[in-house]
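Read in order, the letters of the sequence shown are residues -24 to -1, 1 to 157 in mature numbering (1 follows the signal peptide of the UniProt record, and there is no 0).
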Amino acid sequence: MKVPKYLLLLTLMLLCQTSQPVAAASNSTSVKIAITPQPLEITSTTVPKFSGRIHTDQTQTLVSRQPLTIKVNDQRTRQTNPWMLRYQISAFKNGTHSLGNEVHLKIGPGLLTTSAPADYQAQSLNLLPGQTQELVQAQTQPDTSEYQVAADAITLEIPANAQAGQYQALQTITLLDVPNV
C-alpha cells in the first residue's frame, strides 16, 4: 500500500511539534561582580605651556608658563614597593613638518607633597623627542601625592631657523609599581 507523500509529511510535522524536551529541574542564582578602582593611579596632570616664538636664525630657549603637576593616588594595601613616574615627549609636528630631534625639553627636579613623610628621589631630565626618562621614584604610605616641577624649571630649546607654524607634541607620563629587588 502506497502512502501519499503529503500524509507522511503531515505525520512527521505533527510528531516534531509534540516531542518537546521536559525540564527535570532548573535553578537561577545571581552572579555578583565588584569592579574596584586601580590601587595605584594618576588622577590628574597639568602640562607645561610655552609661549610662541618669533622665527629667527638663533636657537631659542622658552620657559614654561605653567608648572608640571602630577597627582598620584596610592591605595595599595600591604605595599612595600615604591612607585615611579616616567616622562616622554614626542616630536613636535605641525601636520606636515617636524622639528625633529633638535628640540630639547629640560625638566628640573620637582617636589613631592604628601600628608605623611615620604622618601623620594627626583631627577632632572634633558629629553630629546622619543626618549623616556625617570622623573621621580617615591616610597609613600597609602595617600594622594602631588609631584610638581616649577614652571621656571621647565625649558624648551627650539633650533635656529625652525619653519614657522603651530607645533604640537604628545607627552606621556607613565606610573609604574616598582618591585623591590
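Glycine included, each C-beta is placed from N, C-alpha and C at the ideal position.
Tell me which residues share the same chain as residue i and place their Cβ nearer than 8 Å to its Cβ, disregarding the 5 neighbours each side in the sequence.
i: GLN34; result: ALA136
Does the Cβ of residue i have 16 or more other Cβ atoms within 10 Å, making it buried, or fewer, making it exposed?
i: LEU61; result: buried
i: PRO24; result: buried
i: PRO13; result: exposed
i: GLY28; result: exposed
i: ILE11; result: exposed
i: GLN7; result: Residue identity check: residue 7 is Val in the sequence provided, not Gln. By the 10 Å Cβ count, VAL7 comes out exposed.
i: SER4; result: exposed
i: SER40; result: buried
Using the C-alpha atoms, what's the distance from residue j back to residue i?
i: GLN113; j: VAL154; result: 9 Å
i: GLN117; j: VAL125; result: 21 Å
i: LEU103; j: GLY84; result: 11 Å
i: ASN57; j: ILE9; result: 28 Å
i: GLU78; j: ALA138; result: 10 Å
i: ASN70; j: LEU146; result: 12 Å
i: residue 172; j: GLY76; result: Any property of residue 172 remains undetermined from this structure, which presents the chain solely from -24 to 157.
i: ALA67; j: GLN109; result: 15 Å
i: ASP95; j: TRP59; result: 11 Å
i: THR150; j: TYR63; result: 7 Å
i: ALA129; j: VAL48; result: 21 Å
i: ALA98; j: ALA127; result: 16 Å
i: TYR143; j: GLN115; result: 37 Å
Which same chain residues end up closer than 6 Å to residue i when comparing Cβ atoms and leaving out the 5 residues on each side of it in sequence?
i: ARG52; result: PRO15 and LEU16
i: THR89; result: GLU122
i: ALA(-1); result: none
i: LEU152; result: MET60
i: residue 205; result: Here the chain has residues from -24 to 157 only, and residue 205 is not among them.
On a Cα-Cα basis, can you pick out the residue from the options that is closest to residue i?
i: GLU133; options: GLN64, LEU87, LEU81 and LEU151; result: LEU81
i: PRO43; options: THR32, PHE26, THR37 and ILE30; result: PHE26
i: THR32; options: LEU152, THR148 and GLY141; result: GLY141
Give me the Cβ distance between residue i and residue j, rounded to the nearest whole Å; I'm assuming they're in contact under 8 Å.
i: THR45; j: THR22; result: 4 Å
i: ASP50; j: ALA92; result: Actually they are not in contact, since the Cβ atoms of ASP50 and ALA92 sit about 11 Å apart, beyond 8 Å.
Got a sec? Which residues, its chain only, sit under 7 Å from residue i by beta carbon, not counting five neighbours each side?
i: LEU38; result: PHE26, SER27, ARG29, THR131, LEU132 and ILE134
i: ASN156; result: THR56 and ASN57
i: LEU87; result: GLN124
i: GLN36; result: ARG29 and ILE134
i: ILE65; result: LEU81, LEU103, PRO105, ALA145 and GLN147
Given the structure, does residue i come close to the ligand ADP, in the sense that its CB is under 6 Å from one of the ligand's heavy atoms?
i: ASP33; result: In the structure shown, the ligand ADP is absent, as is every other ligand, since no ligand is present at all.
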